[in-house]
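If you're matching positions, the sequence shown starts at 1 in UniProt numbering and goes up one per residue.
Yeah, the Cβ is synthetic: ideal placement off N, Cα and C, and Gly gets one too.
Okay, so here's the structure we're looking at.
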Amino acid sequence: MDKAGRRLRRSLTGRTTGLDPEVLEEDKHVVNAFRSSHRQPMNAASMGLRSFVRAAKCREPSISQRLKRWESLSTKLVAHPTLALSRMQDIAGCRAVLADLDEIRRVQQRIEKNRPVLSVVDYISHPKASGYRGVHVVVEYGGTGGKYPPRPVEIQLRTKWMHSGR
């Protein structure tokens, strides 16, 4: 799968010398199957996030989920030339838009207590240069005798104010 990702990256950057078009077509199917393998873990993460939000007694949360679109995945492959496809941690994602920072911290604490955490990036304490704020917690779902392989799922926690782009 990582080989397929590398060949597709070469193709996307115009370095097609020596690349067999049939192999590239096969590679697209491999990458799409890998992307699809994140669907079940993402659904489980979304259900878990809803449970954490409920347990934290959050007011009027908005919860969504998504698989990274092919276009976004391709852009990331090109933008990060050394990133292996198998190391991408945001192919599957869930987001909770909450009322305030206190709710974010309560939900974050529940996630970190109950799930295997792969990474945490706190863009609230350390905002991006663009002004983006939120907390990204990458957790693992699946595996250990489950019906699907373990996959990372990025959970984003933001307030309504942060999400509105202000």
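State the CB to CB distance for the pair R158 and G134, rounded to an integer number of angstroms; the pair is presumed to be in contact (CB under 8 Å).
4 Å between Cβ atoms; contact.
Within 10 Å of its beta-carbon, does residue 229 have 16 or more other beta-carbons around it, so buried, or fewer, so exposed?
The structure shown does not extend to residue 229, since the chain spans only 1 to 166, so no value can be given for it.
Keeping to the same chain, check which residues put their C-beta closer than 8 Å to that of V107; ignore five residues upstream and five downstream.
Cβ neighbours of V107 beyond the five flanking positions: L49, F52, V53, A56, C58, A96, L98, L157.
Could you check whether the region 114-131 touches the region 66-84, counting it as contact only if at least three pairs of C-beta atoms, one from each stretch, sit closer than 8 Å?
The answer is no - the region 66-84 does not touch the region 114-131, with fewer than three Cβ pairs under 8 Å.
Kindly indicate which three-state DSSP category H136 falls into: helix, strand or coil?
In this structure, H136 counts as strand in the three-state DSSP scheme.
Alpha carbon to alpha carbon, how far is G18 from L24?
Cα-Cα distance, rounded: 11 Å.
Can you name, in chain order, every residue of its own chain whose Cβ lies under 7 Å from the Cβ of T13, other than the five neighbours on each side?
Answer for T13: V78, listed in chain order.
In the DSSP assignment, find the alpha helix (DSSP H) that holds E112 and state where it starts and stops.
Run containing E112: 101-114, per the alpha helix (DSSP H) assignment.
Give me, in chain order, the residues of the same chain whose beta-carbon lies closer than 6 Å to that of S64; leave out the 5 immediate sequence neighbours on both sides.
Here the set comprises R95.
For R110, which of H38, K147, I155 has the nearest alpha-carbon?
Checked all of H38, K147, I155; the closest Cα to R110 is I155.
For P152, does the count of other Cβ atoms within 10 angstroms reach 16, so buried, or fall short, so exposed?
Looking at its Cβ environment, which holds 16 or more other Cβ atoms inside 10 Å, P152 is buried.
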